[in-house]
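Quick notes on the structure that follows.
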Amino acid sequence: MTPQDASDSRWSDLDRPPLNATALRRALLRPDALWTSLDVVTATGSTNSDLAAKADALAEGAVLVAEEQTAGRGRLDRRWSAPARSGLFFSVLLKPGEGVPVERWGWLPLLTGVAVATGLARAAGVDTALKWPNDLLVTVDGGERKAGGILAERAGADGVVVGIGLNVTLRADELPVPGAGSLALAGAVSTDRDTLLRAVLRSIEQWYGTWRAAAGDPSVSGLQEAYAAGCATLGRTVRAELPGGQAIEGEAVAVDGDGRLVLATNEGVQRPVAAGDIVHLRPAAP
Numbered sequence: 000m001t002p003q004d005a006s007d008s009r010w011s012d013l014d015r016p017p018l019n020a021t022a023l024r025r026a027l028l029r030p031d032a033l034w035t036s037l038d039v040v041t042a043t044g045s046t047n048s049d050l051a052a053k054a055d056a057l058a059e060g061a062v063l064v065a066e067e068q069t070a071g072r073g074r075l076d077r078r079w080s081a082p083a084r085s086g087l088f089f090s091v092l093l094k095p096g097e098g099v100p101v102e103r104w105g106w107l108p109l110l111t112g113v114a115v116a117t118g119l120a121r122a123a124g125v126d127t128a129l130k131w132p133n134d135l136l137v138t139v140d141g142g143e144r145k146a147g148g149i150l151a152e153r154a155g156a157d158g159v160v161v162g163i164g165l166n167v168t169l170r171a172d173e174l175p176v177p178g179a180g181s182l183a184l185a186g187a188v189s190t191d192r193d194t195l196l197r198a199v200l201r202s203i204e205q206w207y208g209t210w211r212a213a214a215g216d217p218s219v220s221g222l223q224e225a226y227a228a229g230c231a232t233l234g235r236t237v238r239a240e241l242p243g244g245q246a247i248e249g250e251a252v253a254v255d256g257d258g259r260l261v262l263a264t265n266e267g268v269q270r271p272v273a274a275g276d277i278v279h280l281r282p283a284a285p
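Under numbering that gives the first Met the number 0, the residue at position 3 of the sequence shown is numbered 2, and the numbers go up by one with no gaps.
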């Protein structure tokens with residue numbers, strides 16, 4: 000093996016072994032399970048884009064995992080990059096069907112956030128908070144850091160592709176921006192990516208099944224309450240930077256039945272925000 004071959008090998012970093020696709024399929028693909036297929040690729044541009052391109056030909060429950068994403072995207076087409084095998088970068092295909100009204104599909108990224116936080120609490124022992132609408136926060140050295148994000152996109156005739164990017168073993172000198180973090184830096188008891196991926200996918204399956212059985216009703220399914228309980232944005236003064244360059248400041252007081260963030264402004268008006276970037280201006284009240 001030449002030095003170049005060694006650097007390109009999936010075993011080149013022994014602290015970051017590859018995922019075991021065979022074991023993952025054996026654990027997750029069952030006749031009665033949500034997950035119907037699971038593929039792991041060495042590298043791709045975007046798992047969301049790849050899965051969306053095949054959405055009409057795939058059954059619900061397809062999972063695509065990449066050891067490295069070269070053109071990963073967050074909201075507003077922001078780039079998401081990390082060293083190979085340093086995190087979990089995957090997308091899932093969901094088809095809620097006629098049983099869930101389309102207007103409730105907007106809860107899917109929030110549902111995914113709750114499910115990821117639940118799975119990580121069990122498998123990594125890390126308290127993961129949710130920043131509305133789609134960021135995953137961990138505490139590193141007493142400060143809030145973004146360790147992951149979620150991106151949901153319509154795909155095909157009746158599908159939604161939900162992508163998750165999560166920093167697992169990134170070291171401090173590898174963080175892409177000062178506000179980033181990772182499970183390792185947050186003191187995770189386990190950074191075994193196979194274990195974490197199984198836990199997260201099982202948690203998504205559980206929450207999605209409960210939500211769909213309730214016809215997507217966030218209150219009946221318990222999703223609205225669970226999201227509010229884990230949301231680090233509520234109770235804080237925030238600035239909502241809206242599409243078109245507008246901005247609103249106020250206290251984040253609720254997440255309503257449509258998944259919108261409700262702000263109480265200084266004028267005494269409650270304003271629901273459906274989309275936008277949220278900036279936390281002060282810590283939540285103790």
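Where a beta carbon is used, it is the ideal one built from N, C-alpha and C, also for glycine.
All figures in this text were calculated on a predicted structure; none of them were measured in a lab.
| Check | Outcome |
| --- | --- |
| Pair within 8 angstroms by beta-carbon distance, Leu109 and Tyr207 | no |
| Bridge-paired residues (DSSP) for Leu135 | Leu129, Gly147 |
| Alpha carbon of Arg190 to alpha carbon of Glu97, nearest angstrom | A small correction: the amino acid at residue 190 is Thr; Arg does not occupy that position in the sequence shown. Between Thr190 and Glu97, the C-alpha separation is close to 38 angstroms. |
| Separation of Gly112 from Val291, as counted between CA atoms | Within the shown structure, residues of the chain are numbered from 0 to 285, placing residue 291 beyond reach of any answer. |
| Any 3 or more C-beta pairs closer than 8 angstroms across the stretch 244-251 and the stretch 262-280 | yes |
| Residue closest to Ala123, alpha-carbon to alpha-carbon, out of Ala187, Ser220, Asp31 | Ala187 |
| Boundaries (first-last residue) of the beta strand (DSSP E) holding Glu248 | 246-254 |
| Helix, strand or coil at Thr35 according to DSSP, with G and I counted as helix | coil |
| Assumed close pair Leu23, Gly86 - CB separation to whole angstroms, cut-off 8 angstroms | Not confirmed; about 16 angstroms, so no contact. |
| CB of Ala213 within 8 angstroms of CB of Ser220, strictly | yes |
| Whole-Å CB distance - Ala81 paired with Leu169, under 8 angstroms assumed | 6 angstroms |
| Backbone CA spacing between Pro16 and Phe89 [nearest angstrom] | 17 angstroms |
| Three-state secondary structure assigned by DSSP to Ala263 | strand |
| Bounding residues of the beta strand (DSSP E) (the contiguous stretch that carries Gln269) | 269-272 |
| Burial state of Leu135, where buried means 16 or more other Cβ atoms lie within 10 Å | buried |
| CB-CB length for Ala32 against Ala65, believed under 8 angstroms | Contact flag wrong, Cβ pair sits at about 22 angstroms. |
| Pro2 classed as buried or exposed, judged by whether at least 16 other C-beta atoms fall within 10 angstroms | In this prediction, Pro2 has a pLDDT of 38, which is less than 50 and means its spatial position is unreliable; what the coordinates show is noted afterwards. With fewer than 16 other Cβ atoms within 10 Å, it is exposed. |
| Proximity to Ala61 [Cα-Cα], best of Leu28, Thr209, Ser45, Lys130 | Leu28 |
| Through-space distance from Ala120 to Arg84, alpha-carbon basis | 21 angstroms |
| CB of Gly162 within 8 angstroms of CB of Leu150, strictly | yes |
| Residue of Val199, Ala198, Gln223, Leu200 minimising C-alpha distance to Trp210 | Gln223 |
| Coarse secondary structure for Arg197, derived from DSSP in three states | helix |
| Rounded separation between Glu173 and Ala154 - CA only | 33 angstroms |
| CB-CB length for Gly258 against Trp106, believed under 8 angstroms | 5 angstroms |
| Asn47 - containing alpha helix (DSSP H), residue span | 46-52 |
| Cβ pair Pro132, Gly215 closer than 8 angstroms | no |
| Val160 and Ala54 closer than 8 angstroms at C-beta | yes |
| CA nearest to the CA of Gly234, picked from Asn265, Thr69, His279 | His279 |
| Three-state secondary structure assigned by DSSP to Leu75 | Residue placement at Leu75 is poorly supported in this model, since its pLDDT is 46, which falls under 50; the coordinates still yield a value, given next. In the structure shown, Leu75 sits in a helix (DSSP, three-state: H, G or I). |
| Same chain only: Cβ atoms within 6 angstroms of Ser6, ignoring 5 sequence neighbours per side | Residue placement at Ser6 cannot be trusted, given a pLDDT of 40 that sits under 50; what the coordinates show is reported in the next sentence. Same-chain partners within the cutoff: there are none. |
| Glu66 Cβ short of 7 angstroms to the ligand ATP heavy atom set | Among the ligands in the structure shown, none appear at all, so the ligand ATP cannot be discussed. |
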